[in-house]
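S.K.:
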Amino acid sequence: MQVSSLNEVKIYSLSAGRSLPEWLSDRKKRALQKKDVDIRRRIELIQDFEMPTVSTKIKVSRDGQYIMAVGTYKPRVRCFDTYQLSQKFERCLDSEVVTFEILSDDYSKIVFLQCGRFVEFHSQHGHYYKTRIPKFGRDFSYHYPSCDLYFVGASSEVYRLNLEQGRFLNSLQTEASESNVCDINPVHFLFAMGTAEGKVECWDPRTRNRVGLLDCALSSVTADTEIEGLPSISALKFDGALNMAVGTSTGQVLLYDLRSSNPLIVKDHHYGLPIKSVQFQHQLDLIISADSRIIKMWNKDTGKIFTSMEPEHDINDVCLYPNSGMLMTANEAPKMNIYYIPVLGPAPKWCSFLDNLTEELEENPESTVYDDYKFVTRKDLDNLGLAHLIGSSLLRAYMHGFFMDIRLYHKAKMMANPFAYEEYRREKIRQKIEEARAQRVQLKKLPKVNKELALKLIEEEGEDQQFSKKRKNKNLPNLLKDDRFKVMFENPDFQVDEQSEEFRLLNPLVSKISEKRKRKLKILEELEAQGQEEEEELEGRASDAESSESSDDEKGWVEEVRKQRKLLRQEEKLKRQERLKEDQQTLLKPQFFEIKEGEEFRSFQDSAKKQKLMKKPLEERLQLEGKLGVLNVSDTTVGSKQATFKLKKSEQQRKQQEAEKRHRQERKALRRPASHLKSRRGRGLFH
């Protein structure tokens, strides 16, 4: 039994493996089963479930007990009884069967449409009646209320054969030149037929009038599809009262609601092959569509692919066993395939053991059929020197390569490459090196500011992570990833000055603390590697050692700080000496100062006095201003203090006042001589 999986949907192929010829004796069959692994692994669900050459159609009776299949060569029909898991009967026919229909619940009433325009009826005992239709037929459907058979084919007419009266009735005249498929709705018995022009015509059997027309060829062409020629209808199937699926000859499947002329979903198989069959799976709301190469299962609401199957041989027909997860196909090969998909439903009651078998396989997965084979490409065959085997029975073509026996592959590889062990050894060494590299700290990119600090934080984080994994502690937050400290690695103003006095005095302490922390981590790791008894003893020793080491560290740190202080004093002394040398070498040049407009220069002593006065405390300045008469402090009747200030005038105001005073004096001087002359004149006139 072969198992495949697509989209996590397991598909069990129950017909995988070799089949034994019928003419072999039981003794030879048992001998082959012991020798051949493929024969021993195969599951023969139904005995001799095959055709001599090709199977074309396969159907299940309504009661689920019988499976009927037609094929060639010679043209025949075989009926398999599921209760007995074997073939019930086989009947040969005069011509190949185009399609057939089981009219009863069991195999007692069957109708065959044959290639030579013949319609053949079979009953329970065998052949019952045979008649002909005017044109070559391609499909037919049975209308249960009126007992009419509707035949479509290479004609514009739809032939009606009434089985109750035993005669042909008036044909239905359509606008199509030819018709390919037809179907009758099981709820309201609407008759639909697909034409070669890509249209679907719907007829009412009661009034024999056309009630609807769908142009599927136009709707099947979308922006993503590429077609050659006019699409014709190749498959048709009703689902309930309102839904209908249509398959075209260019590989598209259209899902319609009968109330609308536009399709709900257009699904493309992307192979450009005619759609052979369309089935509905109601438990999961799936549509099963098949062309000659692939079977696709997809959701009818969303169009999403559920799973798919690609058999080894071309597909002619697909049959879904009712209310189960079993699927059967008729192929261009003698053996008819049986698939079991547990997700779609349970196994039929006549093979309920499949459920237990698949559950055991899922619990204890075993090797598949291909475990004894090796998949190789054409390039691999060229490297092994086996390209001449292409086309022979030793290579089995599959997808882009071939399957070959694993024993032949190992022999050819040993001959072509005798140093394979050395290559294997080098590959193992390379893998070990890659694993060691993966354990290192991966530095993606250091920040532009404080690179050394960032590198130190990354190293400490790696050590803390290793220790926390062993201790099962939570990791501490990282400063590089914390937004609060992000500016410290972006803004140049936060750059650490390693030549500053503070850094040089603190650096010995920080380095000693980091060394002490690393030493402590190393001691803890050694304690964890040993047993509990040794661990207790080492803990005591570690504490003594730690105390002694801590005292040594303190002494070393103090000495380092003193050394740094001494170096700083020496550097400061050297700087002062250099400044003195520069002052001696430089010549003093006269300096010029600009005086503001309106001010007079008195001396440099005034500015010096002002600076000395500003350096004095407030109390002394108040006493000095009190002596000068600028400030007057007196007691009031209430008991509080009263302070009176005289604001100092600026130099400009003082000059302005002096100019006004001189102006007033000049005016007085001018007025005195005028008044003196006036008095003298008055005295002379009277005297």
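Just so you know, we're using our numbering here: the sequence shown kicks off at 101 and counts up by one. Idealized CB from N, CA, C, for every residue including glycine. Note that the coordinates shown come from a computational prediction; the quantities given were computed from them, not determined experimentally.
#1: Please list the segments of the beta strand (DSSP E) lying wholly inside the region 238–282, counting only runs of 3 or more residues, in order along the chain.
#2: Look at the alpha carbon of GLU561 and the alpha carbon of ASP480, and state the distance between them as a whole number of angstroms.
#3: Expressed to the nearest angstrom, what Euclidean distance is found between the alpha-carbon atoms of TYR498 and GLN383?
#4: Are the Cβ atoms of SER361 and LEU373 separated by less than 9 Å?
#5: Determine whether the beta carbon atoms of LYS474 and TYR521 lie at a separation below 9 Å.
#6: To the nearest angstrom, how far is it from the Cα of LEU580 to the Cα of PHE594?
#7: Are any of the Cβ atoms in chain D nearer than 9 Å to that of ASN107?
#8: Three or more C-beta pairs under 8 Å: does that hold for the region 426–444 against the region 145–154?
#9: Can you give me the C-alpha to C-alpha distance between TYR440 and GLU459, rounded to a whole angstrom?
#10: Could you compute how far the alpha carbon of HIS227 sits from the alpha carbon of GLU264?
#11: Taking Cβ to Cβ, would you say PRO331 is nearer than 9 Å to SER349?
#12: Might you give, ordered along the chain, the residues of its own chain that have their beta carbon closer than 6 Å to the beta carbon of PRO547, omitting 5 neighbours on each side?
#13: Could you tell me which residues DSSP pairs with VAL170 in its beta bridges?
#14: Span of the alpha helix (DSSP H) holding TYR229?
#15: Confirm, please, whether the CB-CB distance from VAL353 to ALA335 is below 9 Å.
#16: May I ask you to verify whether the region 524–540 touches the region 490–507, counting CB pairs closer than 8 Å and requiring at least 3?
#17: When burial is assigned at 16 or more other CB atoms within 10 Å of the CB, is HIS222 buried or exposed?
#18: Can you tell me the Cα-Cα spacing of ARG232 and ASP505, whole angstroms?
#19: Mapping DSSP to helix, strand and coil, what is ASP304?
#20: Can you tell me the Cα-Cα spacing of SER600 and LEU668, whole angstroms?
#21: Once DSSP output is grouped into helix, strand and coil, what is the label at ASP315?
#22: For VAL476, name the three-state secondary structure that DSSP assigns.
#23: Excluding sequence positions up to five away, which residues of its chain have a Cβ less than 8 Å from the Cβ of ASN270?
#24: Got a sec? Which residues, its chain only, sit under 8 Å from THR513 by beta carbon, not counting five neighbours each side?
#25: Below 8 Å CB to CB, which residues in the same chain sit around SER424 once its five sequence neighbours on both sides are set aside?
#26: Between which residues of its own chain and ILE388 is the CB-CB distance below 7 Å, once the five residues before and five after are set aside?
#27: Find the nearest neighbour of ARG359 within the set LEU342, HIS370, ASP148 and VAL366, judged by alpha-carbon distance.
#28: Mind checking which residues open and close the alpha helix (DSSP H) that includes TYR440?
#29: What's the call for CYS316, buried or exposed, on a 16-neighbour Cβ count within 10 Å?
#30: Under three-state DSSP, which class holds HIS222?
#31: Taking Cβ to Cβ, would you say THR199 is nearer than 9 Å to PHE240?
#32: Let's test the definition: count the other Cβ atoms within 10 Å of the Cβ of GLU634 and tell me whether it reaches 16, buried, or not, exposed.
#33: Which class does MET456 belong to by DSSP, given the choice of helix, strand or coil?
#34: Could you pull the start and end residues of the beta strand (DSSP E) that ALA72 belongs to?
#35: Taking LYS110 as part of the beta strand (DSSP E), name the residues at either end of that continuous run.
#36: LEU420 by DSSP, collapsed to three states: which one?
M.R.: On the basis of the supplied data:
#1: List check, beta strand (DSSP E) in window: 248–253, 257–262 and 267–273.
#2: Against the sequence shown, residue 561 aligns to sequence position 461. Against the sequence shown, residue 480 aligns to sequence position 380. Spanning the alpha carbons of GLU561 and ASP480 requires a straight line of approximately 47 Å.
#3: What you label residue 498 is simply residue 398 of the sequence shown in a count that begins at 1. What you label residue 383 is simply residue 283 of the sequence shown in a count that begins at 1. Rounded to whole angstroms, the separation of the alpha carbons of GLN383 and TYR498 is 33 Å.
#4: The residue given as residue 361 occupies position 261 in the sequence shown. The residue given as residue 373 occupies position 273 in the sequence shown. Their beta carbons are not under 9 Å apart, which means SER361 does not touch LEU373 by this criterion.
#5: For the purposes of this step, residue 474 is taken as residue 374 along the sequence shown, with counting starting at 1. For the purposes of this step, residue 521 is taken as residue 421 along the sequence shown, with counting starting at 1. Against a cut-off of 9 Å, the Cβ pair of TYR521 and LYS474 comes out as no contact.
#6: To locate residue 580, count along the sequence shown from 1; it is residue 480. To locate residue 594, count along the sequence shown from 1; it is residue 494. Computed Cα separation, rounded: 14 Å.
#7: Included in the structure is just one protein chain, with no chain D present.
#8: With a cut-off of 8 Å, the region 145–154 and the region 426–444 count as touching, because enough Cβ pairs lie within range.
#9: Residue 440 sits at position 340 when you count from the first residue of the sequence shown. Residue 459 sits at position 359 when you count from the first residue of the sequence shown. About 13 Å.
#10: The sequence position of residue 227 within the sequence shown is 127, counting from 1. The sequence position of residue 264 within the sequence shown is 164, counting from 1. Those two C-alpha atoms are separated by around 18 Å.
#11: Residue mapping note: residue 331 aligns to position 231 of the sequence shown, counting from 1. Residue mapping note: residue 349 aligns to position 249 of the sequence shown, counting from 1. Yes, Cβ-Cβ distance for PRO331 and SER349 is below 9 Å.
#12: Taking the sequence shown and counting its residues from 1, one reaches residue 547 at position 447. Within its own chain, the residues whose Cβ lies closer than 6 Å to the Cβ of PRO547, once the five positions on either side in sequence are excluded, are ALA554 and PHE589, listed in chain order.
#13: Along the sequence shown, one-based indexing puts residue 170 at 70. VAL170 is bridged by DSSP to LYS157 and VAL177.
#14: Position 129 of the sequence shown, counted from the start, is the residue given in the question as residue 229. Going by DSSP, TYR229 is part of no alpha helix (DSSP H) but of the beta strand (DSSP E) stretching over 227–232.
#15: As a position in the sequence shown, residue 335 is number 235, starting the count at 1. As a position in the sequence shown, residue 353 is number 253, starting the count at 1. Yes.
#16: The region 524–540 vs the region 490–507: no contact.
#17: Counting from one through the sequence shown, the residue named residue 222 turns up at place 122. So HIS222 ends up on the buried side.
#18: Taking the first residue of the sequence shown as 1, we reach residue 232 at position 132. Taking the first residue of the sequence shown as 1, we reach residue 505 at position 405. Rounded to the nearest angstrom, the two C-alpha atoms are 54 Å apart.
#19: Residue numbering aside, residue 304 sits at position 204 when the sequence shown is read from its first letter. If DSSP states are grouped into helix, strand and coil, ASP304 belongs with the strands.
#20: On the sequence shown, position 500 is the one that residue 600 refers to. On the sequence shown, position 568 is the one that residue 668 refers to. When rounded, the distance between both Cα atoms is 10 Å.
#21: Walking along the sequence shown from the start, residue 315 turns up at place 215. Three-state DSSP puts ASP315 in a strand.
#22: Counted from its first residue, the sequence shown places residue 476 at position 376. Looking at VAL476 - three-state DSSP - the assignment turns out to be strand.
#23: Taking the sequence shown and counting its residues from 1, the one referred to as residue 270 is at position 170. Cβ neighbours of ASN270 within its own chain (closer than 8 Å, five residues either side excluded): ARG260 and ARG308.
#24: Taking the sequence shown and counting its residues from 1, one reaches residue 513 at position 413. A small correction: the amino acid at residue 513 is Lys; Thr does not occupy that position in the sequence shown. Beyond the five residues adjoining it in sequence on each side, LYS513 comes within less than 8 Å, by CB distance, of LEU484 and ALA520 in the same chain, given in chain order.
#25: On the sequence shown, residue 424 is found 324 positions in, with the first residue counted as 1. Correct list, in chain order: LEU444, GLY445, PRO446, ALA447 and PRO448.
#26: Residue mapping note: residue 388 aligns to position 288 of the sequence shown, counting from 1. So the qualifying residues of the chain are GLN379, GLN381, ILE395, MET397, VAL418 and LEU420.
#27: Sequence index remark: in the sequence shown, residue 359 carries index 259 (1-based). For ARG359, the nearest C-alpha among the options comes from LEU342.
#28: One-based indexing of the sequence shown puts residue 440 at position 340. No alpha helix (DSSP H) contains TYR440, which is instead part of the beta strand (DSSP E) from 437–440.
#29: Taking the first residue of the sequence shown as position 1, residue 316 is located at position 216. So CYS316 counts as buried.
#30: Numbered from its first residue, the sequence shown carries residue 222 at position 122. Strand, per DSSP.
#31: If you number the sequence shown from 1, residue 199 lands on position 99. If you number the sequence shown from 1, residue 240 lands on position 140. Between THR199 and PHE240, the C-beta spacing is below 9 Å.
#32: Residue mapping note: residue 634 aligns to position 534 of the sequence shown, counting from 1. For GLU634, the predicted structure reports a pLDDT of 46, less than 50, and the residue's modelled location is therefore unreliable. A value from the coordinates is still provided. By the C-beta density criterion, GLU634 is exposed, having fewer than 16 other C-beta atoms within 10 angstroms.
#33: On the sequence shown, residue 456 is found 356 positions in, with the first residue counted as 1. The sequence given here has Asn at residue 456, not Met. Per DSSP, reduced to three states, the secondary structure at ASN456 is helical.
#34: The first residue shown for the chain is 101 and the last is 787, placing residue 72 beyond what the model contains.
#35: As a first step, residue 110 is located in the sequence shown; it is residue number 10 there, counting from the start. Element bounds for LYS110: 109–113.
#36: On the sequence shown, position 320 is the one that residue 420 refers to. The answer is strand: DSSP assigns LEU420 an E or B state.
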